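J.:
Residue numbers (our numbering): 1378 to 1502.
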């Protein structure tokens, strides 16, 4: 499993990929309202993953950290939806979208595992 520092860099890199994807959408679909709405939703949810991960470092308890990781999972699931819709409607490069969606799913797996570990440390497993 990724260390805290590795995951910090990975979520930051994920946010950067989302920003690049949104910038590309702005350049290629600026007059396509649907693409821009989906892009803005993706920009918000995708970048919040890194922000919430950084905030999780400063939680006061394991319960607070679990709650923060739950928010991260919600944002990742939301990001996956926007990526799938962009792909389904051919609004961006399919291979690029698949790569970002793959990273989204990998991050979901990492945070689910982290939450299970935190639950077991609390005796909630």
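C-beta: ideal position from N, C-alpha, C; glycine also. Remember, it's a predicted structure, so these values are computed and weren't measured experimentally.
Just to confirm, are residue 1457 and residue 1482 a CB contact at a threshold of 8 Å?
T.: As a working note, residue 1457 is residue 80 in the chain shown. As a working note, residue 1482 is residue 105 in the chain shown. Yes, the Cβ-Cβ distance between residue 1457 and residue 1482 is below 8 Å.
J.: Hey, out of 1496, 1401, 1405 and 1380, whose CA is closest to residue 1442's CA?
T.: Here residue 1442 refers to the residue found at position 65 when the chain shown is read from its first residue. Considering only alpha carbons, the answer is 1496.
J.: Go through its chain and collect everything with a Cβ distance to residue 1452's Cβ below 8 Å, but skip five positions before and after it.
T.: On the chain shown, position 75 is the one that residue 1452 refers to. Closer than 8 Å at the Cβ level, and outside the excluded window around residue 1452, lie 1422, 1423, 1425, 1426 and 1429.
J.: To the nearest angstrom, report how far apart residue 1436 and residue 1476 are at their CA atoms.
T.: As a working mapping, residue 1436 is identified with position 59 in the chain shown. As a working mapping, residue 1476 is identified with position 99 in the chain shown. One C-alpha to the other measures close to 31 Å.
J.: Please determine, among 1413, 1407, 1462 and 1488, the residue with the shortest C-alpha to C-alpha distance to residue 1444.
T.: Here residue 1444 refers to the residue found at position 67 when the chain shown is read from its first residue. That would be 1488, whose Cα lies nearest to the Cα of residue 1444.
J.: Using CA atoms only, rank isn't needed, just tell me which of 1485, 1432, 1447 and 1420 is closest to residue 1393.
T.: By one-based count along the chain shown, residue 1393 stands at place 16. Among 1485, 1432, 1447 and 1420, the Cα nearest to that of residue 1393 is on 1420.
J.: With C-beta atoms as the reference, is residue 1431 less than 8 Å away from residue 1387?
T.: For the purposes of this step, residue 1431 is taken as residue 54 along the chain shown, with counting starting at 1. For the purposes of this step, residue 1387 is taken as residue 10 along the chain shown, with counting starting at 1. Not in contact: residue 1431 and residue 1387 (Cβ atoms no closer than 8 Å).
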